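Numbering (the numbering used here), first residue to last: 221 to 831.
Every residue gets a Cβ at the ideal spot worked out from N, C-alpha and C, and that includes glycine.
This structure is a prediction, so every number in the text was calculated from the model and none was measured.
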């Protein structure tokens, strides 16, 4: 059977909408079967309960935390919570010193760490470097031979300069924004090396025995005022002893509690524990980072490699400071030509400055996965906390509203739907069924969208979001009313129904687009400026506004176009909602000589016939 040409376009549009709906539900089925998704939407803190963690600031000595610092920390934690896709979380302060984070569900440890980490990224020059594990001290045997991994000094000398570190090998990353000027060392230093350190050794030897050497940074350093952050004068005898005694493996827990004073030198290890450092004072601060992006290091052909990097952009002050530091480091000997990047007092990387970097762009590589690099980039992008925090308590909290309130909200939505249904039937007769079907299609799209967003972006539906869904019923009904009234206006002007559908759609479309555009703009502004509870309402209102526009264009309009070709609707049946006599349609007749006469409404001779 041949298909009427007037049916082809509406049928194609309806088929496309059906394919979209089936595709979304198919994706949800696959994510539920083979992934971590679930068929029902995730619920928010007020409906399901969740976890409350209390963060306590780590203070040094008799120092105290100011309210401004606490508010700044709270704002940064809010941004980090949002970046981790945790919908409906609440971040508040308590007792003027603690921060309380309430999150729906049970967050994993990585999420908690990402929220409470201070993420103080700083750039410090390297003054001393050595292997991360302390080597055994050589001892003199009765025969005068030295035991231990260090090579014995020449016979007959009372002092020696043991080689205790390596010059890191570097690689130039082709295609990177930095042409080999700031590249991470790829080879960890070992106890055999080519360059010598500044530490001096003292020895005591018995006659006929070789000297016994113990190395440490020079105790004579620190007597003069340091000229810059790379000056070895920062290494005082106390720092030299601390550096000598540090074992990155044994002292890992102590390093986690290390307090990082930016104005003083720092003795620490890298994140893998293979190298320890004496670092000079901070020269570039984390708040001078304007942007941070995670990605893969590009190859020379432009394709991404498997190595993950974090690309940093500095603001104007950071660009100036970074340029001055790298200019100075280029002329210094190893290891003082290295620039350490520290995160929460641990060294992420300590690359060699091979050229001055004046562009304000840097690339950091390390032991990153793409997921951990993105988490770190988000933390850096949203700023460093003004202090470090420790986890004070972690408790499960019950829902403040619960399933009873959710049930009442769903009942309210059902009542609203029934009222719209009854009004549509009373006002538009059978045409009102199109309104009901459109709302059902919109509801099915909204449901699957919220379920998929819960899986992909951890979106959680709270009571404010449920309120937005209920309001959306009226918003959706408004679009259909505008369209139907435009069609009826065209019928009243005497146009046949098929022409009235097309003309009415062209005129109603502008009104619907304007109304939905205003609703979406209001929802977007409310989402950006409001607090967490109101943002749930704004998000669902914006989502349903977009779905309403999709349903009107791809379901309501093509369906009405198909109905206009039927005898029941096209003939103006009295129960169709398009009865010409009931609408007071004008009679149109040909008056001769190319003239059309419009007169009073005329009754339809036979009900259901096409005029």
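| request: Assign residue 502 to one of three DSSP states: helix, strand, or coil. | output: coil
| Inter-residue spacing [alpha-carbon to alpha-carbon] between residue 723 and residue 662 | 25 Å
| task | Tell me where the beta strand (DSSP E) around residue 715 begins and ends. | result | First-last for residue 715: undefined, no H or E at that position.
| Outcome for residue 508 when other beta-carbon atoms lying within 10 angstroms are tallied against a minimum of 16 | buried
| message | Please return the same chain residues whose Cβ sits closer than 7 Å to the Cβ of residue 745, not counting the five positions on each side in sequence. | response | none
| query | residue 346 bridges to which residues according to DSSP? | reply | Looking at the DSSP output, residue 346 sits in a beta bridge with 499.
| said: Am I right that residue 665 and residue 767 are in contact with their C-beta atoms under 8 Å? What's the rounded C-beta distance? | reply: 5 Å
| request: Please list the segments of the beta strand (DSSP E) lying wholly inside the region 669-701, counting only runs of 3 or more residues, in order along the chain. | output: Runs of the beta strand (DSSP E) inside the region 669-701: none found.
| message | Could you give the first and the last residue of the continuous alpha helix (DSSP H) run that contains residue 778? | response | 777-783
| request: Compute the beta-carbon to beta-carbon distance between residue 600 and residue 341, rounded to the nearest angstrom, for a pair I have assumed lies under 8 Å. | output: The pair is a contact, with the Cβ atoms about 6 Å apart (cut-off 8 Å).
| request: Please go through the region 443-476 and give each complete alpha helix (DSSP H) segment of 4 or more residues, from N-terminal end onward. | output: Runs of the alpha helix (DSSP H) inside the region 443-476: 457-465 and 472-476.
| query | Considering only residues of the same chain and omitting the five flanking positions on each side of residue 537, which have a CB-CB separation below 6 Å? | reply | 508
| query | residue 700 and residue 655 look like a contact to me (Cβ under 8 Å); what is the Cβ gap, rounded to whole Å? | reply | Approximately 5 Å separates the beta-carbon atoms of residue 700 and residue 655; this is inside 8 Å, confirming the contact.
| message | Between which two residues does the alpha helix (DSSP H) holding residue 788 run? | response | 787-790
| Nonlocal neighbours in the same chain, by C-beta distance under 8 Å from residue 636, ignoring five residues either side | So the qualifying residues of the chain are 690, 693 and 694.
| task | Answer yes or no: do residue 704 and residue 651 have a C-beta to C-beta separation smaller than 8 Å? | result | Yes, Cβ-Cβ distance for residue 704 and residue 651 is below 8 Å.
| Beta-carbon proximity check, residue 684 vs residue 572, cutoff 8 Å | no
| message | Out of 351, 630 and 504, which one is the CA nearest neighbour of residue 498? | response | Of the candidates 351, 630 and 504, the one whose C-alpha sits nearest the C-alpha of residue 498 is 351.
| message | Closer than 8 Å is the cut-off here; do at least three beta carbon pairs connect the region 470-483 with the region 540-559? | response | Flag = no, the region 470-483 and the region 540-559 do not touch.
| field | DSSP beta-bridge partners of residue 569 | value | For residue 569, which the question treats as bridged, DSSP gives the partners 561.
| query | Which same chain residues, not among the five before or five after residue 297, have their C-beta less than 7 Å away from its C-beta? | reply | 311, 319, 321 and 335
| query | Does the beta-carbon distance from residue 502 to residue 593 come in below 8 Å? | reply | no
| task | Pull up the DSSP beta-bridge partners for residue 515, would you. | result | 529
| said: Please report the straight-line C-alpha distance between residue 618 and residue 327, rounded to a whole angstrom. | reply: 15 Å
| CA-to-CA distance, residue 493 to residue 240, given in whole angstroms | 52 Å
| residue 474 to residue 608, Cα distance in whole Å? | 15 Å
| request: Just confirm the distance between the C-beta atoms of residue 263 and residue 680, as a whole number of angstroms; I'd bet it's less than 8 Å. | output: Right, their Cβ atoms sit about 6 Å apart.
| query | Below 8 Å between beta carbons: does that hold for residue 721 and residue 632? | reply | no
| request: Report the partner residues of residue 534 according to the DSSP bridge assignment. | output: 509
| request: Pick helix, strand or coil for residue 556, following the three-state DSSP scheme. | output: coil
| In the structure shown, what three-state DSSP assignment does residue 649 receive? | helix
| request: Could you pull out every residue in the same chain whose Cβ sits closer than 7 Å to the Cβ of residue 580, ignoring the five residues on either side in sequence? | output: Once the five neighbours on either side are set aside, the close Cβ partners of residue 580 are 533, 534, 538, 539 and 542.
| task | Quick one: using the 10 Å Cβ neighbour count with 16 as the cut-off for buried, is residue 331 buried or exposed? | result | buried
| task | Return the chain-ordered list of same chain residues with a C-beta closer than 6 Å to the C-beta of residue 760, the five sequence neighbours on each side being excluded. | result | 685, 688 and 689
| task | Please go through the same chain and pick out, in chain order, the residues whose beta-carbon is closer than 6 Å to the beta-carbon of residue 769, but skip the five residues on each side of it. | result | 736
| task | Alpha carbon to alpha carbon, how far is residue 749 from residue 394? Give it in angstroms, no decimals. | result | Caution applies to residue 394, whose pLDDT of 33 falls short of 50 and renders its modelled position unreliable; the value that the coordinates give is listed next. About 43 Å.
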